[in-house]
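In the numbering used here, the protein residues as written are 5 to 348. Glycine residues also receive a C-beta, built at the ideal position from the N, C-alpha and C atoms. Data first, discussion second: the structure below is written as structure tokens.
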Ligand SMILES: NC(=O)c1ccc[n+]([C@@H]2O[C@H](COP(=O)([O-])OP(=O)(O)OC[C@H]3O[C@@H](n4cnc5c(N)ncnc54)[C@H](O)[C@@H]3O)[C@@H](O)[C@H]2O)c1
């Protein structure tokens, strides 16, 4: 059973811990956070969440009493029993954390976005390749039940070709992070790279790299970066794809993500707030498709652990996919700033 060390025990570190806890073949043996008390709170189920609930289940594959706590990441990396490092640190720390883990011979799953720019992504890819370790960026939407079902609907072609797709993601301003790191655009890439990247990455997953993007957006509401944007992704002979999202909403605004997909022979729609995924074919009754019963975070972690166990490199999210999603979001940001389309 793969032995895991989590680094970063804030909001998403708590969510990942909850997912590892649900898996019979995951064994968290170490957690590192500069604030060890925070890590202990996560394990006791007392951590509070961000814009999603933090899971509070009792681990089934490991004994939480045996977890070793570290405040120094370098020391945790010296623990020879750890095979996998799960990086849940602030985005601006991803590059160094992933490279160090790879050099220590650990397989790595790292939160999205991979890094702040394509150059950093390239260095990370070089390091994991050189070390020969498995590496996956946790692009959770590729594993999220409704989005998995939409991809299956597209690939299965039961509704014909996808003609148009609109993706939405809206969040209250994130005020829960350690030292408010997320509200410094230079550390997080603002809503464009932190939040909207989920949809950009999903567009890449479904349709590949577009020929160009045209974005409009709003800067300087919550950070000095792009806090809200709306993008048109251009494909030659492909579907008409748009995505909009941001985090400039008031604290009491409810987080939501949604999609609308128009096909030749019907449509599919979903909103996390108030509309379970529904498929409406021409000439037939609308229906709710069968969805995966486990959540996206647990699915992505289970998948990565299986890849490590089977000695396979992850193919659902490759390092190149994760780098491309950073590159594509940065093209969207450029389009907002220049006020014109950006050709890729
Ligand atoms: N996939 C998702 O849905 C999702 C959701 C939220 C965040 N994220 C991503 O997860 C990452 C972390 O975000 P978060 O919201 O959990 O942030 P956070 O601020 O809540 O957590 C970061 C944690 O890192 C710890 N830390 C800081 N420096 C450290 C160091 N040198 N060594 C060890 N620990 C250190 C902090 O004490 C804190 O507990 C970001 O990249 C973010 O984009 C992903």
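Where residue i sits in the DSSP three-state scheme
i, result
"residue 128", "helix"
"residue 109", "coil"
"residue 185", "helix"
"residue 351", "Nothing in the structure corresponds to residue 351, since the chain is present only between 5 and 348."
"residue 221", "strand"
"residue 156", "helix"
"residue 120", "coil"
"residue 47", "helix"
"residue 308", "helix"
"residue 87", "coil"
"residue 4", "Outside the shown range of the chain, which is 5 to 348, sits residue 4, and nothing can be said about it."
"residue 295", "coil"
"residue 226", "coil"
"residue 329", "helix"
"residue 192", "helix"
"residue 317", "coil"
"residue 149", "helix"
"residue 39", "coil"
"residue 65", "coil"
"residue 300", "helix"
"residue 161", "coil"
"residue 133", "helix"
In DSSP terms, what residue i is bridged to
i, result
"residue 270", "267 and 285"
"residue 261", "173"
"residue 275", "262 and 279"
"residue 216", "238 and 347"
"residue 166", "267"
"residue 115", "142"
Residue j beta carbon less than 8 Å from that of residue i
i, j, result
"residue 237", "residue 220", "no"
"residue 210", "residue 155", "yes"
"residue 99", "residue 78", "no"
"residue 14", "residue 181", "yes"
"residue 290", "residue 139", "no"
"residue 214", "residue 169", "no"
"residue 143", "residue 195", "no"
"residue 251", "residue 329", "no"
"residue 248", "residue 258", "no"
"residue 33", "residue 21", "no"
"residue 173", "residue 203", "yes"
"residue 274", "residue 263", "yes"
"residue 23", "residue 302", "yes"
"residue 327", "residue 118", "yes"
"residue 103", "residue 8", "no"
"residue 137", "residue 110", "yes"
"residue 146", "residue 321", "yes"
"residue 37", "residue 12", "yes"
"residue 281", "residue 271", "no"
"residue 229", "residue 193", "yes"
"residue 201", "residue 333", "yes"
"residue 91", "residue 68", "no"
"residue 307", "residue 318", "yes"
"residue 185", "residue 255", "no"
"residue 149", "residue 17", "no"
"residue 81", "residue 96", "no"
"residue 63", "residue 309", "no"
"residue 246", "residue 188", "no"
Range of the contiguous beta strand (DSSP E) that encloses residue i
i, result
"residue 139", "139–142"
"residue 36", "31–36"
"residue 232", "230–238"
"residue 96", "Taken as a continuous stretch (DSSP letters only), residue 96 belongs to no beta strand (DSSP E), as it is neither H nor E."
"residue 26", "Run containing residue 26: none in the beta strand (DSSP E); it sits in the alpha helix (DSSP H), 15–26."
"residue 7", "7–11"
Where the alpha helix (DSSP H) through residue i begins and ends
i, result
"residue 252", "Looking at the DSSP string, residue 252 is not in any alpha helix (DSSP H); the run it does join, the beta strand (DSSP E), is 244–253."
"residue 209", "201–211"
"residue 78", "77–81"
Heavy atom of ligand 2 within 7 Å of residue i beta-carbon
i, result
"residue 15", "As far as ligands go, the structure on display features ligand 1 and does not contain ligand 2."
I want to know whether the stretch 279–295 touches the stretch 197–210 - three or more CB-CB distances under 8 Å. no
Is there contact here, the stretch 20–33 with the stretch 304–322, by at least three beta-carbon pairs under 8 Å? yes
Three Cβ pairs or more, each shorter than 8 Å: is that satisfied between the stretch 129–138 and the stretch 149–169? no
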